[in-house]
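Structure, as structure tokens:
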Amino acid sequence: MSFGVEYHPVAAAEFVAAQAWYEQQNVGLGDRFSAAFEATLKRISSGPHAGTPVAVDDDGAVVNRKTLVGGFPWVVGYEVAGDIVIVLAVFHQHRRPDYWTTRQQ
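Listed below in structure tokens is the structure:
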């Protein structure tokens with residue numbers, strides 16, 4: 023069973039900015055980033071609880087997780103709500119890696 027995927031509005035903008043930056047660096051690289059991102063989302067939607075836990079609540083339940091985008095130094099930060107994966111952030115793994123953990127849908 024695959025989970026549905028929704029985006030926080032800021033996460034969607036983060037993805038668009040990253041894709042545009044890669045395309046500006048080298049024609050076609052933005053498309054490669056997009057394909058790697060889509061493959062990552064497919065992997066997340068197929069096994070959302072496999073991502074690395076980032077934050078837990080007071081009861082010890084995982085609130086947020088993250089997964090690397092293959093071939094790029096980018097990460098997808100997300101939470102699982104029922105049968106939906108909510109993408110909360112798309113961020114470079116070496117720049118403020120935990121800024122998004124308090125972002126909510």
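The opening position of the sequence shown corresponds to residue 23 in the numbering used here, with each subsequent residue numbered one higher.
Note that beta-carbon positions come from the ideal geometry of N, C-alpha and C, so glycine has one too.
Remember, it's a predicted structure, so these values are computed and weren't measured experimentally.
Val38 (DSSP reduced to helix, strand or coil): Position 16 of the sequence shown, counting from 1, holds the residue named residue 38. Reduced to three states, the DSSP call for Val38 is helix.
Can you give the beta carbon distance from Val38 to Val109, rounded, assuming they're within the 8 Å contact cut? As a working mapping, residue 38 is identified with position 16 in the sequence shown. As a working mapping, residue 109 is identified with position 87 in the sequence shown. Not confirmed; about 13 Å, so no contact.
Restricting to Cα atoms, I'd like to know which of Pro70, Phe113 and Val112 is closest to Met23. Stepping through the sequence shown from its first residue, residue 23 is reached at position 1. Answer by Cα proximity: Pro70.
Identify which residue in Val32, Val102 and Tyr29 has its Cα closest to the Cα of Ala77. Locating residue 77 in the sequence shown gives position 55, counting from the first residue. For the residues Val32, Val102 and Tyr29, the minimum Cα distance to Ala77 belongs to Val102.
Which full runs of the beta strand (DSSP E) of 3+ residues lie inside the region 27 to 114, going along the chain? 74 to 78, 84 to 90, 96 to 103 and 106 to 114
Could you check which residue in Asp80, Pro75 and Gln41 has the C-alpha nearest to that of Leu51? As a working mapping, residue 51 is identified with position 29 in the sequence shown. It is Gln41 whose Cα lies nearest to the Cα of Leu51.
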